[in-house]
Amino acid sequence: AGLAVRLDKGARTRERRIEVFLIYMFALGAAAGISNWGGHIFAADQVAESIGWAPGSPFQLEMGFANLSYGILAIIAMGRRDGFREATVIGATVMAVGATLVHLWDIAQTGNLAPGNTVQNIMNLARPALLIGLLAASRRAERLPTSEAGTLAFDAWRGSVIAVAGPIAAGVGVGLGVGLAVGQPLGGMLLGLAGGAAFGLFFRSRNAVPAATTERDLTTAD
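So for the sequence shown, the numbering used here puts the first residue at 31; every next one is plus one.
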């Protein structure tokens, strides 16, 4: 997201920079949801072993589809600016905090310090915290007299950001899921990242809106 802000000439205001980070955070959530779905479905035993839990539980399938649902919600939230974003963040936060409490309880009861039972808790808590902070900052920016929210120029610019972030999220999620299924998670993720970024940049170049485009320009074009 930081690199996207630096490269995007249209992200010239604080409101737009916050929006870029929010879109990429939702993209990260989408990638995580899709890849976790792939892990729990196609590499269930490996995931269980990384957590230090017994393999073979059918609850892995349920967990996989729960993660997929949050991935889909995150994809939709990328393109929305209404209360759907708050609803998505609330659901993801409850899921992440609840999972962390389960892992901490397991550590306290059994001393299980497997990487999947410990390290992932950092991301479980960091991602919702960042989303809540960015979403609050975005809503404050919307209330300022200088806000661009809802204008044609702002929406056109947002579309160009999503055109890159969306394919990257899908590529990483699907690539990692397929990689887990064939025993090459890193290779699958990198291939998905490269493919998603290439597609997103190509699509954006074909549908680019000039950085200097204004509300008046777009209204005249209509």
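The beta-carbon is built from N, C-alpha and C at its ideal position, and this holds for glycine as well.
N- and C-terminal bounds of the alpha helix (DSSP H) containing residue i
i, result
"Arg-234", "215-236"
"Val-127", "113-140"
"Thr-176", "Run containing Thr-176: none; DSSP gives neither H nor E here."
"Ser-99", "89-108"
"Val-77", "74-81"
"Gly-146", "145-148"
Close-in-space but distant-in-sequence residues of the same chain around residue i (CB under 7 Å, 5 per side omitted)
i, result
"Leu-206", "Ser-65, Gly-68, Pro-215, Gly-218, Met-219 and Gly-222"
"Pro-61", "In the sequence as displayed, the identity of residue 61 is Ala instead of Pro. Ala-199, Val-202 and Gly-203, listed in sequence order."
"Gly-163", "none"
"Phe-56", "Ala-104, Ala-107 and Met-108"
Burial state of residue i (16 or more Cβ within 10 Å)
i, result
"Ser-190", "buried"
"Met-153", "exposed"
"Gly-40", "buried"
"Pro-145", "exposed"
"Arg-126", "Residue 126 is actually Ala in this sequence, not Arg. Flag for Ala-126 reads buried."
"Glu-45", "buried"
"Pro-197", "buried"
"Trp-135", "exposed"
"Phe-232", "exposed"
"Gly-226", "buried"
"Leu-161", "buried"
"Gly-213", "exposed"
"Glu-178", "buried"
"Gly-230", "buried"
"Gly-59", "buried"
"Ala-78", "buried"
"Pro-175", "exposed"
"Ala-159", "exposed"
8 Å Cβ shell around residue i - same chain, five flanking residues per side excluded
i, result
"Leu-165", "Leu-52, Arg-115, Glu-116 and Val-119"
"Arg-234", "Ser-190, Ala-193 and Val-194"
"Leu-155", "Ala-126, Val-127 and Thr-130"
"Ile-24", "There is simply no residue 24 to check, as the chain begins at 31 and stops at 252 in what is shown."
Within-7 Å CB hit, residue i to chain B
i, result
"Ala-156", "In the structure shown, chain B cannot be found, because there is only a single protein chain."
Beta-carbon contacts of residue i that lie in its chain and below 6 Å, excluding the five residues immediately before and after
i, result
"Glu-49", "none"
"Gln-90", "His-70 and Ala-74"
"Val-208", "Gly-218"
"Gly-94", "Trp-67, His-70 and Ile-71"
"Asn-97", "Gly-63, Asn-66 and Trp-67"
"Tyr-100", "Gly-63 and Ala-122"
"Trp-187", "Gly-40"
"Arg-157", "none"
"Phe-184", "Glu-178"
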